[in-house]
Amino acid sequence: MKEDSLPRRPVPVLVRDAAEEQRGSFFHLGIVSEKGNRPAPNQDVSGWVWAGELSIGVGIADGMGGHKAGERASWLALGAALQTLAGQSETVSPRERLAQAFLGAWRALNEEAKHDPAVRGMGTTLTLVWLENRQAYFGHVGDCRLYVVKGKECKLLTEDHTLASELEKTGTPLFSREELSGCRHVLTRCLSPMHEAAPDIDSLSIEPPFRLILVTDGIYPWLAVKEATFLLTDDSPLAAAEKLVRIARERGGTDDRTACVMDVFEPTDEKLS
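Position one of the sequence shown corresponds to residue 1 (full-length UniProt numbering), numbered consecutively onward.
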């Protein structure tokens, strides 16, 4: 899509079971989402919302709840969060903007559960990035991950809200690989109609150019951080997202696989790849 065709209204674009690419004056974005090898529908979703000449919100979510509840939870939460991100006054600080976006996501889930008791048990992870004047701020609940690549260095910016992560922090011993694997799938924090989970909110204190990578848990167990840096640095964002999804699939991943890759640069710079 050409830059001059970007929407100037805060209308979120959500991507599931598809590939999308978007360019702006200071960013280049690619998203790929693919259903895993399971009977359930794809519960992952990623997307963005254009919010002005130098502002954009992007996010990723992974739903849960059985049947179609997880599918609905992630779609509703991300759509509401992106809409809230872009719809606030310019005077609102980036951190408060993110906090309100998570609140908007929770309210959307709560309203859905009021009208349909069958989905009261649904929930979703949610990771958001807000770019304002090429500065990045992010919020996070659950076990999707956000990485930043600067040059040849890749750094994880988020913490998994899982039982395994909590046990590792407290030094609790796990006696087998099976125990550790099981604990990695138990969330200690997520968004659900019954729980208004507090997000981790932080900022990224580096100057452009840099690359942001958002992935669901269907991808990162199959790719080491150092390997991701080596494999992805020279790819376009869409090609990098496609490669992440393909590697997870080829290495045996059965979960839904979604990757969002975004290059951020000065408007006068050449694109990163």
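Ideal placement from N, C-alpha and C gives every residue a C-beta, glycine not left out.
Give the range of the beta strand (DSSP E) segment to which residue i is assigned.
{"i": "T125", "result": "From DSSP, T125 is part of no beta strand (DSSP E); its letter is neither H nor E."}
{"i": "L212", "result": "F210 to V215"}
{"i": "H140", "result": "Q135 to V141"}
{"i": "T258", "result": "R257 to V264"}
{"i": "V245", "result": "That residue, V245, is in no beta strand (DSSP E); its alpha helix (DSSP H) goes P237 to E250."}
{"i": "G30", "result": "F27 to E34"}
{"i": "residue 308", "result": "For residue 308 there is no data in the structure shown, the boundaries of the chain being 1 and 273."}
{"i": "L223", "result": "Per DSSP, L223 belongs to no beta strand (DSSP E) and is neither H nor E."}
{"i": "L14", "result": "V13 to V15"}
Looking only at DSSP bridge pairs, what is residue i linked to?
{"i": "D62", "result": "D44"}
{"i": "D202", "result": "F138"}
{"i": "R145", "result": "V215"}
{"i": "W50", "result": "I56"}
Is the distance from the Cβ of residue i to the Cβ of residue j below 8 Å?
{"i": "A240", "j": "V264", "result": "no"}
{"i": "A198", "j": "L191", "result": "no"}
{"i": "W48", "j": "Q88", "result": "no"}
{"i": "I219", "j": "L244", "result": "yes"}
{"i": "L76", "j": "A101", "result": "no"}
{"i": "S55", "j": "P267", "result": "no"}
{"i": "L126", "j": "A108", "result": "no"}
{"i": "S46", "j": "T124", "result": "no"}
{"i": "F138", "j": "L157", "result": "yes"}
{"i": "Q83", "j": "P193", "result": "no"}
{"i": "V15", "j": "E242", "result": "no"}
To the nearest whole angstrom, what separates the beta carbons of residue i and residue j, a pair I think is in contact under 8 Å?
{"i": "G142", "j": "D62", "result": "7 Å"}
{"i": "V119", "j": "R72", "result": "6 Å"}
{"i": "T216", "j": "D256", "result": "7 Å"}
{"i": "L78", "j": "G59", "result": "5 Å"}
{"i": "G70", "j": "M64", "result": "4 Å"}
What first and last residue would you give for the alpha helix (DSSP H) that runs through residue i?
{"i": "K152", "result": "Per DSSP, K152 belongs to no alpha helix (DSSP H) and is neither H nor E."}
{"i": "K114", "result": "P94 to H115"}
{"i": "A197", "result": "Careful: A197 lies outside any alpha helix (DSSP H) and carries neither H nor E."}
{"i": "A69", "result": "A69 to G87"}
Do the region 95 to 108 and the region 246 to 261 touch if we need at least three Cβ pairs shorter than 8 Å? The region 95 to 108 vs the region 246 to 261: no contact.
Taking contact to mean 3 or more Cβ pairs, one atom from each stretch, closer than 8 Å, check whether the region 147 to 156 and the region 201 to 213 are in contact. yes
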